Amino acid sequence: ARTSPKKTGVAPPLHVFQLSKLPNGLVIASLENYSPCAKIGVFVKAGSRYEGPEELGITHLLRLAASLTTKGASAFRICRGIESVGGSLRVASSRENMSYTVECLRDHIDTVMEYLINVTTAPEFRPWEVSDLTEKMKIDKAVSSQSPQIRVIEKLHAAAYKNALSNSLYCPDYQIGRISSEQLHSFVQNNFTSARMALVGLGVEHAVLKQVGEQFLNIRSGTGAVRAKAQYCGGEFREQNGNSLVHAAVVSEGAATGTAEACAFSVLQHLLGAGPYVKRGSSTTCKLRQSIAKATTQPFDVSVINAALSQVKMVAHGNFTDADLTKAKNQAKSEYLMSLEVSDGLLEDMGQQCVADGVYHSPEVVVSTINSVTSESVVNAAKKFVAGKKTMASSGHLVNTPFLDEL
């Protein structure tokens, strides 16, 4: 008789999450996942929503200025030093935050951390180096202008808000070449403070991160400059151009991220249909797609949008089953959990939560919150959308595209 071999392997150690908050307000979070590669990020509450009227586009310039000379290392040294250990440095920004992320083998954490600290705490912004970034900004703008999706989303924010969140992720044309080194220093001084930062790491010991935070990320204390709260107003933007297609979006004010109401909106999104779930799928089970297909054979007209809005109204009246709700919850949970399977997604999730609220809700907690979403909360989310003031942005061949007041 054949006997199964004895298992002699040792069970892998559990992943350990730790979070600390220093007296100066800096949040430090780490997840030891025993990966051969470490990923460390500094997240700063300094997105484009914090730009003042004279600073529009400054976060776009900051994204490009990450590799410029600092007080501790030249631009050449930063580039060569990170590449010599096979590492990488990436900078990204949203309307809420900026993130500086380095990745390397665990043996070289000290090397890349030196450059990460220099980039985030000691930039020099030499005028001639800043001036050299003008052409790169123009290229960024040119590339973004070729994407109708980017244009619609940017104009949608501009139409929806009076301030703050109306600021674009890209520098306005009239500002390119006009932002000075002094303005960059002022923005960093007012926004890159300890209480607005989170130092987050994967595959790194918590003690190492905490030591770095205590030594190097305490140069500017306080909460930084106070900015006005974003005011939603609603509106419309239309751009007629030579594109044969129409890209359009109709939105209403939603919920603050991280809240139970936001989870209800997420379930509502999947209840209506959030895109294909099968590779090369056509979303045939999507309620929105089915409604639009029945409404018209035209490529784009008023009946298309009204058909989509009618589906939201049906949900607002409670016209869905328990099976529909369970399916939507499962899809929402799967989408969230799958996003965490990639280290980039996991680090981003940790960083965004820590810098926003100073805490981190584990996947188990988030899944539990999604499970607790009720039919009533989904109905209320749909009602909020239906009753809310709408914003619309459209771009392309708009001959058959309705205006907002026609919906």
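When we follow the UniProt record's numbering, the leftmost residue of the sequence shown carries the number 1, and every step to the right adds one.
All C-beta atoms, glycine included, are put in the ideal place defined by N, C-alpha and C.
Quick caveat, the model's predicted, so the values are computed rather than measured.
- Relative to the Cα of residue 87, the nearest Cα in the group 113, 96, 73, 99 belongs to 113.
- The three-state secondary structure of residue 95, taken from DSSP, is coil.
- Counting along the chain, residue 43 sits inside the beta strand (DSSP E) bounded by residues 37-44.
- Within its own chain, the residues whose Cβ lies closer than 8 Å to the Cβ of residue 131, once the five positions on either side in sequence are excluded, are 177, listed in chain order.
- With respect to residue 230, residue 165 sits close: the two C-beta atoms are nearer than 7 Å.
- For residue 249, the uninterrupted beta strand (DSSP E) segment begins and ends at 246-252.
- Residue 115 is a Cβ neighbour of residue 82, given a cutoff of 7 Å.
- Cβ neighbours of residue 383 within its own chain (closer than 8 Å, five residues either side excluded): 316.
- In terms of Cβ geometry, residue 378 and residue 267 form a close pair [threshold 7 Å].
- Distances from the alpha-carbon of residue 400 to those of 333, 211, 305, 391 put 305 closest.
- Beta bridge pairing from DSSP links residue 201 with 30, 40.
- In this structure, the beta-carbon distance from residue 106 to residue 38 falls below 7 Å.
- Annotation for residue 144: the continuous alpha helix (DSSP H) segment containing it runs 134-145.
- Residue 247 is positioned such that its CB atom lies no closer than 7 Å to that of residue 312.
- Two segments are said to touch when three or more pairs of C-beta atoms, one from each, lie closer than 8 Å; by this definition the stretch 236-246 does not touch the stretch 40-53.
- When the alpha-carbon of residue 235 is set against those of 108, 158, 25, the nearest one is in 158.
- One alpha carbon belongs to residue 186, the other to residue 180, and they sit about 10 Å apart.
- Membership of residue 131 in the alpha helix (DSSP H) is indicated by the continuous run 127-131.
- Residue burial is scored here from C-beta neighbours: residue 126 has fewer than 16 other C-beta atoms within 10 angstroms and is therefore classed as exposed.
- Between residue 217 and the set 17, 381, 15, 22, the nearest pair of CA atoms involves 22.
- For residue 327, the three-state secondary structure derived from DSSP is helix.
- Fewer than three Cβ pairs drawn from the stretch 136-146 and the stretch 70-81 lie within less than 8 Å of each other, which leaves the two stretches out of contact.
- Between the alpha carbons of residue 63 and residue 355 lies a gap of roughly 18 Å.
- Setting aside the 5 residues that flank it on each side, residue 173 is surrounded in the same chain by 141, each with a C-beta closer than 8 Å to its C-beta; the list follows chain order.
- Shown here, residue 21 sits in a strand according to DSSP, grouped into three states.
- Leaving aside the five residues that flank residue 346 on each side, the residues in its chain whose CB is nearer than 6 Å to its CB run, in chain order, 340.
- Non-local C-beta neighbours of residue 109 in its own chain, meaning closer than 8 Å and more than five positions away in sequence, comprise 38, 40, 204, 208, ordered along the chain.
- Distance from the Cα of residue 135 is smallest, within the candidate group 175, 156, 160, for 175.
- For residue 106, the three-state secondary structure derived from DSSP is helix.
- Within 10 angstroms of the beta-carbon of residue 70 lie 16 or more other beta-carbons, which makes it buried.
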